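With full-length UniProt numbering applied, the sequence shown covers 1 to 354. To start, the structure under review is shown below, and the notes come after it.
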Amino acid sequence: MTSGLGSARLLELVPSPLLASPNSSFACISALGALPRQSVVVVFVGSLRKARNLIALPRSAALPFVYSGHLALTQGIRLHLALHPRKDIVVTGSDDRLWKMWAFPNGNIIMKGEGHTDWLSGCCFHPSGTKLVTSSGDTTVRIWDFTKGGCILTLEGHSYAVWDCSWHSCGNFVASASMDKTSKVWDLNSERCRYTLRGHKDSVNSIEFLPFSNIILTSSADKTLSLWDARTGLCAQTFCGHLHSCNHATFNMKGDTIVSCDSYGVLKLWDVRRGVPMVSIDAGPHPGNQVAFDPSGRIVAVASNDGTVKTLELKSGHLSSLLGHEDEVQSVIFDHKAEHLISGGSDGTVRIWN
C-alpha cells in the first residue's frame, strides 16, 4: 500500500453549465439514487459508444436534463454512484478512471479525482462526508481526503479487479469485494488489511456493512450469500439456495431481513436470525440486476433484464410487473419517503412510478 498524493490528484474544476437537452436513446442507465430533501432523481448513464452522463430529473419534468459526464473508454463496465451523507452532493465513478463530484441542483462539477489506472467500480462516502473510498479494476482501493486535496492512501492486496467497497459507520474501516474470490477489511489507522474474508468459491459481486454494526454482507457468483464478523474476519453465516450467480443483495433498514437476486431472476428473502429463506419467487428467467427495499421494509423492487420493474408485496406475496421500459432495467431505488419507485434502463430512460 502507498500513501501520499503522488500521481493521484484531486482537481478543482470550473463549474460546468447545465445542458438542457434530452439524453441519447443509446444510453444505458446503470445506477441511480434519490437526493435527500430535493425533488430530484440522480442517475448515472453509460453508453456503449458515447460519453457517460449524469442526469438530474425533476419529478415534474417530462425529459431529463443532461450534465456532461465521463468519457466511455471500454464497454460493459459497471458504474457506481454515491450520495453525500449530509449535503446535496453526488459522486460518480466510471471506466474513464476518474471520479467526479457534482453539486445539486445547479449541476456544477465541484472537483474530480484521478489516480486509478483502470475503471472505477465503486465509491462510498465516509460517514462525515469529508473522505471518499473508491474501488477499481486496477485491483486497488483508494482513500481520498477532500481537505488534503488528493488520495491519501492506496490499499493493495487483491489479485484481481475489486468490484465494490463499503465504509463502516465508525469511519475507521472499509471493506472491499473482489473478483479474486475474497473480501478484505482494511484498518485505516494502521493502513493495513486487518482481515481477508475467505470462503466464497467465485467472484464476490457486492459488499456492504450493516449500518451501525460489525456485520458485513457479501453476495457471490458461487450462488451464496455470507455474513461476516468484521471484528474477527470469520464467516458467521452462509445462505445457500440460489441455483445461479447471486448478482446483488441488501439488508432492510432493520437489518433482520436480506433480499437477493440471481442471474435467472429468482428473488429470495432471508431471515437473518434463522439463516433460512422465507420467500422464494421465480421472477425469471431473465436476470435480476439489482434489488431494493422500500424504507418500510414491506415492498421489494427488482430491476430485470426483461425490461420490467417487478414489485413484491411481502405481506400478500403479490408480484407485479411495471411495463414501460423498452430494454433491460439496470437499476431501481425507492425515494426516501417511499412515495415513488425510480428505475433506470438500457433504453436510456428514467421512469418514476407512483
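Heads up, the beta-carbon is just placed ideally off N, CA and C, and yes, glycines get one too. All values derive from a computational prediction rather than experimental measurement.
According to DSSP, is residue 208 part of a helix, a strand, or is it coil?
In the three-state reduction of the DSSP assignment, residue 208 falls in the strand class.
Which residues in the same chain have their Cβ closer than 7 Å to the Cβ of residue 263, if we skip the five residues on either side of it in sequence?
244, 245, 247 and 287.
To test your reading of the DSSP string, which unbroken beta strand (DSSP E) runs of 3 or more residues are found completely within the region 75 to 145?
80 to 83, 89 to 93, 98 to 103, 109 to 114, 120 to 125, 131 to 136 and 140 to 145
Please work out which residues of its chain come closer than 6 Å, Cβ to Cβ, to residue 320, disregarding the five sequence neighbours upstream and downstream, and give them in chain order.
Excluding residues within five positions, the ones whose Cβ falls inside 6 Å are 311.
Under 8 Å between the Cβ atoms of residue 146 and residue 134?
Judged by their CB atoms, residue 146 and residue 134 are not nearer to each other than the 8 Å cut-off.
Does any C-beta atom of chain B lie closer than 8 Å to the C-beta of residue 354?
The structure shown contains no chain B; it holds only a single protein chain.
DSSP on residue 154, reduced to helix/strand/coil?
strand
Return the CA-CA distance between residue 99 and residue 316, expressed in angstroms with no decimal places.
42 Å
For residue 196 and residue 324, I'd like the C-alpha separation in whole angstroms.
43 Å
Residue 170 by DSSP, collapsed to three states: which one?
coil
According to DSSP, is residue 194 helix, strand or coil?
Strand, per DSSP.
Leaving out the 5 sequence neighbours to the left and right, which residues in its chain are closer than 6 Å to residue 168 when beta-carbon positions are compared?
209
Using three-state DSSP, classify residue 288 as helix, strand or coil.
strand
Among the candidates 132, 149 and 181, whose CA atom is the shortest distance from the CA of residue 171?
132
Touching or not, the region 289 to 296 and the region 325 to 344, by the rule of three or more beta carbon pairs under 8 Å?
yes
Per DSSP, which residues does residue 328 bridge with? Please list them.
DSSP lists no partner for residue 328.
Who are the near neighbours of residue 166 in its chain, counting only those whose CB is closer than 6 Å to its CB and skipping five residues on each side?
124, 175, 207, 208 and 209
Look up residue 339 in the DSSP assignment and say whether it is helix, strand or coil.
coil
Reducing DSSP to helix, strand and coil, say where residue 230 ends up.
coil
In the DSSP assignment, what residue or residues form a beta bridge with residue 235?
228
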